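Number of protein chains: 2
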Amino acid sequence: MKFLDFFRSKRPSSASIAKERLQIIVSHERRRPSTPDFLPSLQKDILEVVRKYIQINENQIKLSVDRNGDCEVLELNISLSDPGKK
Amino acid sequence: MKFLDFFRSKRPSSASIAKERLQIIVSHERRRPSTPDFLPSLQKDILEVVRKYIQINENQIKLSVDRNGDCEVLELNISLSDPGKK
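Quick mapping for you: the protein sequence lines, in order, are chains F and A. Residues in the first sequence are numbered from 1 upward in steps of one, following the numbering used here. Residues in the second sequence are numbered from 87 upward in steps of one, following the numbering used here.
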């Protein structure tokens, strides 16, 4: 399964299809228990980086974290219905 | 299909399973042709942010970009076989 197919299968309904969106997924597989869990900090930094290019408010961001054993997946969905506007 | 299942289905073979890894996927759906394509710059910035937390060399990074119409997907696979070591 290609990544693009995966994202397309998650495409929103026609009601919101006119919206622009940015989706960022970070998956971290840790093998050593001593390795720091930097995902929460990385998440904040990535959002700061995204804000260099587009204006986003907190209510445009949907965040979810999924964890299973040694694998942690962070998902950021950013709705860009009004890109570039402050 | 859950994100975690998706990532797990892409898990490497047992030969490389001892390795730690970080996977970052950025999907940008653009609706306005005039919206700038900031993904190449965002990719560099995200890598810089990741380097705040872990030491990575260029040869640890596998990058792919997939585009289909108004949807562009950037995939960064970072092998962290020796995390924290310069």
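The C-beta atom is built at its ideal place from N, Cα and C for all residues, glycine as well. Source: prediction; values computed, not measured.
Under the 8 Å criterion on CB atoms, residue 108 of chain A is classed as interfacial with respect to chain F. The criterion of a C-beta distance shorter than 8 Å is not satisfied by residue 158 of chain A and residue 133 of chain A. When beta bridges are read from the DSSP output, residue 154 of chain A appears opposite A:157.
Taking each of F:60, F:66 and F:69 in turn and checking the Cα distance to residue 19 of chain F, the smallest one comes out for F:60. Contacts between residue 136 of chain A and chain F, judged by CB atoms closer than 8 Å, involve 42 in chain order. Against chain F, the CB of residue 165 of chain A has no partner CB under 8 Å away; the residue lies outside that interface. Here residue 130 of chain A carries a helix assignment [DSSP, helix/strand/coil]. For a Cβ distance threshold of 7 Å, nothing in chain F lies close to residue 142 of chain A: the least Cβ distance comes to about 13 Å. Residue 77 of chain F has its alpha-carbon roughly 25 Å from the corresponding atom of residue 165 of chain A.
For residue 148 of chain A, not one C-beta of chain F is nearer than 8 Å to its own C-beta.
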